[in-house]
Amino acid sequence: MGAASAGGRGGSSPRKETLSFDPDWLALRESADAAARAADLLEPLRAALPPDEPLVIWDLGCGTGSLGRWLSGRLRGPQHWILHDHDPALLDRAGAGGYITADGLPATIETRAGDLAALRASDLVGASLVTASALLDVLTAAGIETIAAAAACPALLTLSVVGRVRFSPAEPLDAAFAAAFDAHQRRGDLLGPDAVTAAIKAFGRRGATVLTRPSPWRLGPGQSTLTAAWLRGWVGAAVEQQPDLASFAGDYLSRRLADCAAGRLSVEVHHLDLLALPGGTS
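Okay, so the sequence shown: first residue is 0 according to numbering that gives the first Met the number 0, each after it adds one.
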């Protein structure tokens with residue numbers, strides 16, 4: 000279910016390393032992701048990057064490459080992007096589009112297929128920056144430890160859900176569906192809304208300075224197509240987790256979709272962006 004995650008990427012498997020995501024869903028959410036990312040983390044990020052050498056940037060769980068399209072144009076200097084994902088079809092899409100740096104020059108791109116669980120520090124030797132988008136909340140604690148242990152450079156990890164959704168207008172059933180969705184994100188050993196806290200601790204244990212900033216989706220009438228797709232996935236995941244909501248779900252979703260189509264509905268889906276700076280770079 001490509002839209003099942005409120006800011007994460009969805010799916011029903013308990014391991015990110017085996018999930019595949021609908022490229023149409025990833026494309027639909029790209030503009031909302033770009034608007035939400037915390038631009039005020041860019042200044043400390045730039046200050047931590049090597050000033051006089053080409054940047055080597057690993058994008059983990061890259062999907063269709065939307066984070067690279069956003070970030071490459073906000074960093075100066077030569078850039079080489081290594082796009083990492085387990086899904087070859089997504090890698091094909093990500094690698095097909097070009098990235099342009101803040102200097103107006105094309106970045107170079109390579110793709111690498113592989114499972115995140117197999118990532119080692121030796122893979123990231125020479126990396127200037129590790130990035131990911133909408134990834135942490137679909138990982139286990141072990142997956143987050145893998146990233147923190149492997150990254151000896153700054154890490155910019157964006158758009159992790161934190162378990163807060165606000166509707167306007169509100170409905171009494173909002174809280175029940177939100178709680179069930181959060182439980183769905185925590186199914187098995189996934190961290191879901193607890194992922195950012197786990198990442199802060201994992202990087203902190205390794206001596207990093209960790210900065211976080213809010214990065215909410217703010218969905219209004221201009222994002223009705225995305226809002227409708229997100230709603231269907233959000234309600235579906237809640238019912239999957241708590242089947243006794245099924246008797247209310249049809250009418251609830253119909254009302255919400257009608258409000259969305261009429262331009263009456265706005266939704267805030269809260270995330271956090273995280274920047275981890277290794278000791279000595281902050």
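Ideal Cβ placement from N, Cα and C applies to all residues, glycine included.
Do you know offhand how far residue i's Cα is from residue j's?
{"i": "residue 136", "j": "residue 197", "result": "10 angstroms"}
{"i": "residue 73", "j": "residue 103", "result": "10 angstroms"}
{"i": "residue 64", "j": "residue 26", "result": "10 angstroms"}
{"i": "residue 139", "j": "residue 230", "result": "25 angstroms"}
{"i": "residue 34", "j": "residue 99", "result": "18 angstroms"}
{"i": "residue 263", "j": "residue 251", "result": "15 angstroms"}
{"i": "residue 66", "j": "residue 37", "result": "12 angstroms"}
{"i": "residue 164", "j": "residue 41", "result": "26 angstroms"}
{"i": "residue 186", "j": "residue 52", "result": "43 angstroms"}
{"i": "residue 87", "j": "residue 60", "result": "11 angstroms"}
{"i": "residue 265", "j": "residue 195", "result": "25 angstroms"}
{"i": "residue 10", "j": "residue 20", "result": "Confidence is the limiting factor: at residue 10 the pLDDT is only 34, short of 50, which leaves the residue's position unreliable, though a coordinate-based value still follows. Approximately 7 angstroms between the Cα atoms of the pair."}
{"i": "residue 283", "j": "residue 24", "result": "Outside the displayed range of the chain (0 to 281) lies residue 283, so it cannot be described from this structure."}
{"i": "residue 3", "j": "residue 259", "result": "Note that residue 3 scores 36 on pLDDT, short of 50, meaning its location in the model is unreliable; the coordinates nonetheless yield the value given after this. Cα to Cα, the separation comes out at about 18 angstroms."}
{"i": "residue 28", "j": "residue 68", "result": "13 angstroms"}
{"i": "residue 247", "j": "residue 22", "result": "30 angstroms"}
{"i": "residue 220", "j": "residue 253", "result": "17 angstroms"}
{"i": "residue 213", "j": "residue 43", "result": "16 angstroms"}
{"i": "residue 261", "j": "residue 224", "result": "12 angstroms"}
{"i": "residue 257", "j": "residue 181", "result": "24 angstroms"}
{"i": "residue 331", "j": "residue 121", "result": "In the structure displayed, the chain extends from 0 to 281; residue 331 sits before or after that span and is not available."}
{"i": "residue 45", "j": "residue 190", "result": "29 angstroms"}
How would you label residue i, buried or exposed, when you count the other beta carbons within 10 angstroms and need 16 or more for buried?
{"i": "residue 62", "result": "buried"}
{"i": "residue 167", "result": "exposed"}
{"i": "residue 92", "result": "buried"}
{"i": "residue 157", "result": "buried"}
{"i": "residue 204", "result": "exposed"}
{"i": "residue 249", "result": "exposed"}
{"i": "residue 288", "result": "Residue 288 lies beyond the residue range present for the chain, which begins at 0 and ends at 281; the question has no answer from this structure."}
{"i": "residue 47", "result": "buried"}
{"i": "residue 39", "result": "exposed"}
With a cut-off of 8 angstroms, does the C-beta of residue i fall near any C-beta of chain C?
{"i": "residue 261", "result": "Annotation note: the requested chain C is absent from the structure, which comprises a single protein chain."}
Can you check whether the CB of residue j is closer than 8 angstroms to the CB of residue i?
{"i": "residue 90", "j": "residue 110", "result": "yes"}
{"i": "residue 126", "j": "residue 55", "result": "yes"}
{"i": "residue 115", "j": "residue 94", "result": "no"}
{"i": "residue 119", "j": "residue 151", "result": "no"}
{"i": "residue 347", "j": "residue 267", "result": "This structure does not reach residue 347, given that the chain is present from 0 up to 281, and the question cannot be answered."}
{"i": "residue 278", "j": "residue 206", "result": "yes"}
{"i": "residue 160", "j": "residue 270", "result": "yes"}
{"i": "residue 79", "j": "residue 113", "result": "no"}
{"i": "residue 245", "j": "residue 238", "result": "yes"}
{"i": "residue 97", "j": "residue 105", "result": "yes"}
{"i": "residue 218", "j": "residue 31", "result": "yes"}
Assuming residue i and residue j form a contact by the criterion Cβ under 8 angstroms, report the distance between their Cβ atoms to the nearest whole angstrom.
{"i": "residue 211", "j": "residue 273", "result": "5 angstroms"}
{"i": "residue 117", "j": "residue 183", "result": "At roughly 27 angstroms, the Cβ-Cβ gap does not stay under 8 angstroms, so residue 117 and residue 183 are not in contact."}
{"i": "residue 154", "j": "residue 275", "result": "4 angstroms"}
{"i": "residue 179", "j": "residue 222", "result": "With 8 angstroms as the limit, residue 179 and residue 222 do not qualify as a contact, their Cβ atoms being about 24 angstroms apart."}
{"i": "residue 58", "j": "residue 131", "result": "7 angstroms"}
{"i": "residue 108", "j": "residue 134", "result": "With 8 angstroms as the limit, residue 108 and residue 134 do not qualify as a contact, their Cβ atoms being about 19 angstroms apart."}
Using CA coordinates, which residue listed in the options is at the minimum distance from residue i?
{"i": "residue 234", "options": "219, 259, 177 and 278", "result": "177"}
{"i": "residue 202", "options": "60, 50, 76 and 147", "result": "147"}
{"i": "residue 101", "options": "21, 195, 30 and 71", "result": "71"}
{"i": "residue 170", "options": "29, 255, 260 and 261", "result": "255"}
{"i": "residue 200", "options": "22, 47, 46 and 144", "result": "144"}
{"i": "residue 334", "options": "77, 220 and 259", "result": "No answer is possible for residue 334: the residues shown for the chain start at 0 and end at 281."}
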